[in-house]
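The structure under discussion appears below in the form of structure tokens.
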Amino acid sequence: MADEAAKTADDTQTAAPAPAPAAEKAQTQQPVQVQVEDDHAVATYANFCRVTGSPEELIVDFGLNPQPIGVPKDPIQVKQRIILNFYTAKRLLAALQMSVARHESVFGVLETDINKRVRPGLQQQVAQAKKD
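Heads up, the sequence shown is in numbering that gives the first Met the number 0, so the first residue is 0 and it goes up one at a time.
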């Protein structure tokens with residue numbers, strides 16, 4: 000009986016997929032224009048983002064970090080939370096990658112390490128302010 004199951008599994012793995020109908024091959028996907036109403040959209044600035052989630056969805060929290068250098072003294076308040084399924088998250092990832100690549104091709108590479116971007120004197124001032 001085990002041999003029959005193994006033979007069936009082998010047959011399934013080696014079976015060739017059925018050819019697609021000619022009508023499906025002839026159709027090419029055309030870009031679709033989706034109408035969007037954003038009259039009531041609320042714009043919020045964020046310089047902080049946290050991504051958490053579960054096996055089914057991602058939770059993306061956005062907030063404002065009033066102290067972007069060093070560890071914040073006060074908790075960062077999350078102002079917006081977006082919950083996405085992984086399919087939408089993957090489409091968002093592709094759109095963001097394309098947008099950032101386009102921006103970097105025009106304006107140069109974006110350095111995400113703030114310590115490499117700030118002026119050296121500013122870091123010393125911040126360290127001194129923490130001591131006071």
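In this text, a Cβ means the ideal position worked out from N, Cα and C, and glycines have one as well. Keep in mind the model is a prediction, meaning the values are calculated, not measured.
By the CB criterion at 8 Å, D60 and C48 fall inside the cutoff.
Per DSSP, V35 lies in no alpha helix (DSSP H) segment and is marked neither H nor E.
DSSP links N84 through a beta bridge to E56.
Proximity to A128 across I113, G69, G62 peaks at G69, based on C-alpha coordinates. For E55 against N84, the beta-carbon gap comes to about 7 Å, under 8 Å, which counts as contact. Beta-carbon to beta-carbon, V99 and L109 are separated by about 7 Å, close enough to satisfy the 8 Å threshold. Taking 8 Å as the cut-off, the beta carbon of L57 is found no closer than this to the beta carbon of N46.
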